[in-house]
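Worksheet: one structure, shown below.
There are 2 protein chains.
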Amino acid sequence: MVSRSDLVREKLEQMIVEGSFAQGERLDEIKLSQHFDVSRTPLREAFQALAASGLLVLEPRRGAFVRYPALEEVFEMFEVMAELEAFCCRLAAGRVTQPLLADLDKTMVDCKQAVDSGDVSHYYRANERFHALIYQASGNRFLEGEATRLHRRLKPFRRLQLNNRGRLAHSFAEHGRIIDALAKGDAQAAAIEMRAHIAIQGGKFNDLIVSYRQAARKVTGEDGVSTRAQTALGL
Amino acid sequence: MVSRSDLVREKLEQMIVEGSFAQGERLDEIKLSQHFDVSRTPLREAFQALAASGLLVLEPRRGAFVRYPALEEVFEMFEVMAELEAFCCRLAAGRVTQPLLADLDKTMVDCKQAVDSGDVSHYYRANERFHALIYQASGNRFLEGEATRLHRRLKPFRRLQLNNRGRLAHSFAEHGRIIDALAKGDAQAAAIEMRAHIAIQGGKFNDLIVSYRQAARKVTGEDGVSTRAQTALGL
DNA sequence: TACTGCATTCTTGCATACAAGCGGCTTGAC
DNA sequence: GTCAAGCCGCTTGTATGCAAGAATGCAGTA
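Written as structure tokens, this is what we have:
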């Protein structure tokens with residue numbers, strides 16, 4: 001995790017997730033290797049890893065292309081995410097330990113502070129922790145890993161959802177209901193609450209569309225290279 | 236998909252899944268590159284890809300090590316698999332089309348023939364098709380991909396389950412109940428039937444243990460290199 | 001005799017050189 | 001003027017060389 005290829009992978013992933021590149025943009029091995037001050041070898045290894053997690057598509061003899069999922073696919077991913085998290089809850093209801101419940105309560109205190117002060121990024125961090133704890137509480141390490149992976153991948157599309165002021169309070173209330181169900185050991189209720197918490201429905205529909213447009217919009221200059229990428233690369 | 240690194244990846248994956256290497260065995264870049272008659276570069280790219288799918292662990296400056304999941308992790312994976320497939324069924328019940336149902340019926344005919352003749356590998360192929368069709372019927376392409384991925388990864392641990400003569404007929408009957416529920420559009424029933432079909436319970440427990448021992452057993456020679464690997468490499 | 005430190009050797013990580021496609025451009029012919 | 005074919009250049013894919021780090025073995029000391 002200290003190799004150059006890992007560092008490059010981290011940075012490239014960050015750039016892609018932040019929307020530094022346009023949809024379908026070809027990543028130039030030479031330019032990028034110069035930018036990161038590494039040779040093509042570790043860069044190509046980073047490409048492989050990013051392609052494996054779905055952020056790039058490698059076309060033989062043509063190059064690496066940035067791939068933002070289509071809006072439809074994002075909905076599909078949220079649909080699966082909702083189910084995975086609901087399953088975490090179902091398992092957690094029977095397996096959650098007292099220390100973990102205490103940790104969950106702590107995130108609730110954190111979230112409450114964030115809601116009261118309207119501090120979105122504070123809430124965002126506490127929310128991350130809340131969900132990570134639920135994955136952990138499932139007691140299924142493999143499930144925890146899969147959930148974490150998908151959660152990461154959906155990150156750019158979750159960004160704006162919390163900016164909606166009403167959403168913060170709603171989200172907080174939902175967290176409360178989930179924890180209550182877990183504390184009672186009610187697997188069914190916990191799963192249902194979590195599914196509702198994640199699923200794209202009602203107002204979240206529009207929030208997602210906006211998030212999506214911001215994350216995956218194509219901003220190209222005259223030469224077909226995205227101006228955002230040019231900025232990101234200092235061109 | 237025609238590059239040497241892809242070919243090497245395919246072959247290595249096959250070898251690992253077939254159990255050609257011992258648990259924890261270090262894969263020698265130079266020996267393997269000689270064996271596959273490629274340079275270290277495409278081999279290393281294959282390592283990266285296999286590490287991404289969890290078959291290898293890459294330790295910095297130490298090398299690539301074969302990683303068979305612990306028995307506990309296999310159970311966890313089956314637990315998640317059951318849930319993913321159950322979710323596929325839940326979605327499929329509302330979305331399945333007439334042509335797909337017809338295809339599913341075709342696999343049932345195939346399975347029936349295999350059961351009657353006791354042809355396990357025939358049943359195995361028909362079973363693969365059955366499950367692939369269910370994933371497809373979910374109408375969620377992302378879910379389909381994830382389910383397929385996990386299904387592949389569990390392949391070596393499913394091998395022996397069908398060798399149990401009683402299991403074939405049971406499995407067939409379960410398929411029937413699943414299709415019936417789908418045809419009726421009963422999402423709840425379809426999900427429950429599928430979950431029961433996949434979940435490790437009852438007699439399947441012992442079958443899995445045997446499969447696991449066969450897949451992940453460590454067979455080492457005096458020099459610490461697995462004799463199975465030596466055979467596979469023609470040493 | 002056991003443990004620690006150093007040196008040697010082997011292996012990986014990275015850089016670079018070379019080969020092989022693919023695409024675009026130019027030129028020629030109809 | 002347009003279309004097609006061939007060539008040139010650019011990009012990716014692969015091989016190999018070199019450097020740095022880890023493991024192992026040996027020697028010296030406690």
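Chains as they are written, first to last, in my numbering: chain A, 1 to 235; chain B, 236 to 470.
By construction, the Cβ of each residue, glycine as well, lies at the ideal position given by its N, Cα and C atoms.
This one's a predicted model, so the numbers in the text were calculated from it and none came from an experiment.
Look at the Cβ atom of phenylalanine 236 (chain A), then the Cβ atom of glycine 24 (chain A), and state whether they are nearer than 8 Å.
-> Here chain A comprises residues numbered 1 to 235, so residue 236 (chain A) is not present and cannot be evaluated.
Short CB-CB distance (under 8 Å) between alanine 284 (chain B) and chain A = yes
For aspartate 485 (chain B), the nearest candidate out of B:Phe322, B:Gln269, B:Pro277 and B:Asp272 (CA to CA) | Outside the shown range of chain B, which is 236 to 470, sits residue 485 (chain B), and nothing can be said about it.
Touch test, the stretch 116–125 of chain A against the stretch 24–41 of chain A, Cβ-Cβ under 8 Å, three pairs minimum | no
Valine 292 (chain B), enclosing beta strand (DSSP E) - first and last residue | 291–294
Report the partner residues of phenylalanine 237 (chain A) according to the DSSP bridge assignment.
-> There is no way to answer for residue 237 (chain A), as the model of chain A reaches only from 1 to 235.
DSSP three-state call for threonine 332 (chain B): helix, strand or coil?
-> coil
DSSP three-state call for glycine 254 (chain B): helix, strand or coil?
-> coil
Quick check: the stretch 425–434 of chain B against the stretch 313–333 of chain B, are there 3 or more CB pairs under 8 Å?
-> yes
Report back the beta-carbon spacing between leucine 43 (chain A) and leucine 55 (chain A) to the nearest angstrom; my notes put them in contact at under 8 Å.
-> In fact, because the Cβ distance is near 14 Å, the residues do not count as touching under 8 Å.
Neighbour list for alanine 287 (chain B) in chain A, Cβ cutoff strictly below 8 Å | Gln48, Ala49, Ala52 and Ser53
Beta-carbon spacing of leucine 339 (chain B), phenylalanine 365 (chain B) below 8 Å = yes
Go ahead and pull the three-state DSSP assignment for glycine 166 (chain A).
-> helix
Can you list, in chain order, the residues of the stretch 75–86 of chain A whose Cβ is nearer than 7 Å to any Cβ on chain B?
-> Glu76, Met77, Glu79, Val80 and Glu83
Note down, in chain order, every chain B residue with its Cβ under 8 Å from the Cβ of serine 3 (chain A).
-> Pro295
With a cut-off of 8 Å, do at least 3 Cβ pairs link the stretch 326–345 of chain B to the stretch 379–388 of chain B?
-> no
Is any beta-carbon of chain B found at less than 8 Å from that of leucine 143 (chain A)?
-> yes
Straight-line gap, alanine 396 (chain B) to serine 171 (chain A) (C-alpha atoms, nearest Å) = In the sequence as displayed, the identity of residue 396 (chain B) is glutamine instead of alanine. Near 44 Å, if we compare the C-alpha coordinates of serine 171 (chain A) and glutamine 396 (chain B).
Can you tell me which of B:Arg296, B:Val252, B:Lys246 and B:Val292 puts its alpha carbon nearest to the alpha carbon of arginine 4 (chain A)?
-> B:Arg296
C-alpha distance - serine 138 (chain A) paired with leucine 71 (chain A), whole-angstrom precision | 30 Å
Listing by chain order, which chain B residues have their CB less than 8 Å from the CB of asparagine 140 (chain A)?
-> Glu311, Glu314 and Val315
Closer than 9 Å by beta-carbon distance: list the chain B residues that pair up with glutamate 73 (chain A), in chain order.
-> Arg376 and Phe377
Does DSSP classify alanine 305 (chain B) as helix, strand or coil?
-> coil
Excluding five sequence neighbours on each side, which residues of the same chain lie with their C-beta closer than 8 Å to the C-beta of arginine 244 (chain B)?
-> Glu280, Ala281, Ala284 and Leu285
Cβ-heavy atom distance, glutamate 314 (chain B) to the ligand NAP, below 7 Å | With respect to the ligand NAP, the structure shown offers nothing to examine, as it has no ligands at all.
Cβ-based neighbour list, leucine 443 (chain B), same chain, cut-off 6 Å, excluding 5 preceding and 5 following = Ile435
Are there 16 or more other CB atoms within 10 angstroms of the CB of alanine 93 (chain A), so buried, or fewer, so exposed?
-> buried
Under the rule that 16 or more other beta-carbon atoms within 10 Å means buried, what is glutamine 240 (chain A), buried or exposed?
-> Examination of residue 240 (chain A) is not possible in this model, given that chain A is present from 1 through 235 alone.
Report yes or no: is there a C-beta of chain B within less than 8 Å of the C-beta of glutamate 45 (chain A)?
-> yes
Closest residue to alanine 418 (chain B) among B:Val331, B:Glu379 and B:Val344 (Cα-Cα distance) | B:Val331
Residue environment, serine 53 (chain A), which counts as buried when at least 16 other CB atoms sit within 10 Å = exposed
Under the three-state DSSP convention, the category aspartate 140 (chain A) falls into | Contrary to the premise, residue 140 (chain A) reads as asparagine rather than aspartate in this sequence. Correct three-state label for asparagine 140 (chain A): coil.
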